[in-house]
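Protein chains in written order, with the working numbering: chain A, 1 to 278; chain B, 1001 to 1135. For glycine and all other residues, C-beta sits at the position ideal for the given N, C-alpha and C. Note that the structure is a prediction, hence the values are computed from the model and not measured.
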Amino acid sequence: MTALLFVLLLLSASIGAGFLGALTGLGGGVVIVPLLVLLFGVDLRFAVGASLVAVIATSSGAAAAYVREGYTNIRVGILLEVATVTGAIVGAIIAALVSKNVIAIVFVLALFWSAYSTLRPPTPLPPDVEPDAISRKFRLDSTYPTKEGMVAYKVHHVPMGGVLMFGAGLLSALVGVGSGIVKVFAMDRMMRLPFKVSTTTSNFMIGVTAAASAGVYLQRGQIEPAIAAPVALGALAGSLIGARVLPHIKTKALRWVFAGLVVFAGVELLRRVLQGGL
Amino acid sequence: MPPPIPLAPAQRHKRDLEASLATLLTAGTALAAVVLFLGTAAFLRADHSKLLNFHTFNASAHASVFSVFRDALKLDGAGLMQLGVVLLILTPVTRVLFTLFAFLYKRDWLYVVVTIIVLSVLCYGLFGSGLVHEG
């Protein structure tokens, strides 16, 4: 199709993706890759590159707001970023060595898992109060603001958290998602951070992780400007609108619709892989 | 209404850092967005009827940060779009750099080291030559 039509359609679709991603908390990455591959006939390698750029755009836009609110634990973020960016580089290297079908299958599995975890209600864990040696050495324990004032919390299981973050970075680089869900899971369940601290710190880290792998993808020529620019612009715009609208919308029903779409996209991708490959 | 309780110095520094990082992220994203928009407009103005097909992967020519800046200076649409992309990628990198300065200022040597490690890996991703396999 002509460049004009391509860019306009891409912009519109990406605005939708960013909007949905912001409303459901699943992020644009899981939508953008199938969108590009299935609807626009873009090669998976370009799709992942463009999606990573969009992930940087949307998370940087949102991270600014969260950091201001005072929930983000910057030290935890920076420390864990060592793990995520290393994982990202490794993931980017692996991506060049495996076939597109393998990447697609990993993507579909990640897709199904994020659809599932978005629908499952989070079970509250009691906060741990024993001290952790590594948290003490790296001064990770902190406080976060609540209506009653600053509440203290401790950080646990840092090494395990690091391992999970390495995996999150690897996944992000391989399939072009933000892996926010893995990061939140690691910080919330394993490291026992308060939920709002986990989500905001995860958001803080997503951009850096994506930037690590995006650099490699750029060098390999997997970021095509005619795709990545409209996608990033659209996703950014959509996510900013979505964030505005979010407090006024009941997201429960939306999550089911989103999960359904995501599962459908996953099945369709899988079908293509099995019927002769991407 | 009682006067607001002043924050302890450590908390105030944390808040200042957070505010600066937030501004940095917003500014970087906004700048990138403007360049992306201008680049897309320039690209469409020149090539709106060009037929695009990305069905098979062919490595893009806009692949090094230096060549991107060079092409962008020529006001070439695709070059400008890719510059916007590079600016987006550089925004979190700049954020980490800024965090490094903050830790240096506070003489927090442990975290200076941690941040330098993160920065090094990021730079390796963007400029490291061992990452591209030819053929």
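Any Cβ of chain A closer than 8 Å to the Cβ of H1062 of chain B would place that residue at the interface, and such an atom is present. Of all C-beta pairs linking the stretch 87-99 of chain A to the stretch 62-71 of chain A, fewer than three are shorter than 8 Å, placing the two stretches out of contact. It is roughly 16 Å from the alpha-carbon of T118 of chain A to the alpha-carbon of F264 of chain A.
Residues of the same chain with a CB within less than 8 Å of the CB of L44 of chain A, apart from the 5 flanking positions on each side, are V33, V37, K100, I103, A104, L278 in chain order.
Listed as beta-bridge partners of Y217 of chain A by DSSP are no residues whatsoever. Using a Cβ-Cβ distance cut-off of 8 Å, the stretch 77-86 of chain A and the stretch 1096-1116 of chain B are in contact, since at least three pairs of beta carbons, one from each stretch, lie closer than that value. Closer than 8 Å to the CB of F46 of chain A there is at least one CB belonging to chain B. The closest CA to that of F1043 of chain B, considering only B:P1009, B:G1125, B:D1076, is found on B:D1076. Within the model, the alpha-carbon separation for G176 of chain A versus A1046 of chain B is close to 30 Å. Using a 10 angstroms sphere on the CB of K1074 of chain B, the tally of other CB atoms stays under 16, which defines it as exposed. At a C-beta separation below 8 Å, M1 of chain A has these neighbours in chain B: L1051, L1052.
Taking the C-beta atoms as reference points, V155 of chain A is found no nearer than 8 Å to L109 of chain A.
For W256 of chain A, same chain residues with a beta-carbon under 8 Å away, outside a window of 5 residues either side, are L119 in chain order. Residue pairing by DSSP places P145 of chain A opposite A:M150 in a beta bridge.
For L1051 of chain B, the secondary structure class from DSSP, reduced to helix, strand or coil, is strand. For the stretch 194-227 of chain A, the set of residues with a beta-carbon nearer than 8 Å to any beta-carbon of chain B comprises G207, V208, A210, A211, A212, S213, A214, G215, V216, L218, Q219, R220, G221, Q222, I223, E224, P225, A226, I227, in chain order. Around M160 of chain A, the same chain offers M190 as residues with beta carbons nearer than 6 Å, after the five sequence neighbours per side are excluded.
By the 16-neighbour rule on beta-carbons within 10 angstroms, G1084 of chain B is buried.
For T2 of chain A, the pairing in a beta bridge is given by DSSP as B:L1051.
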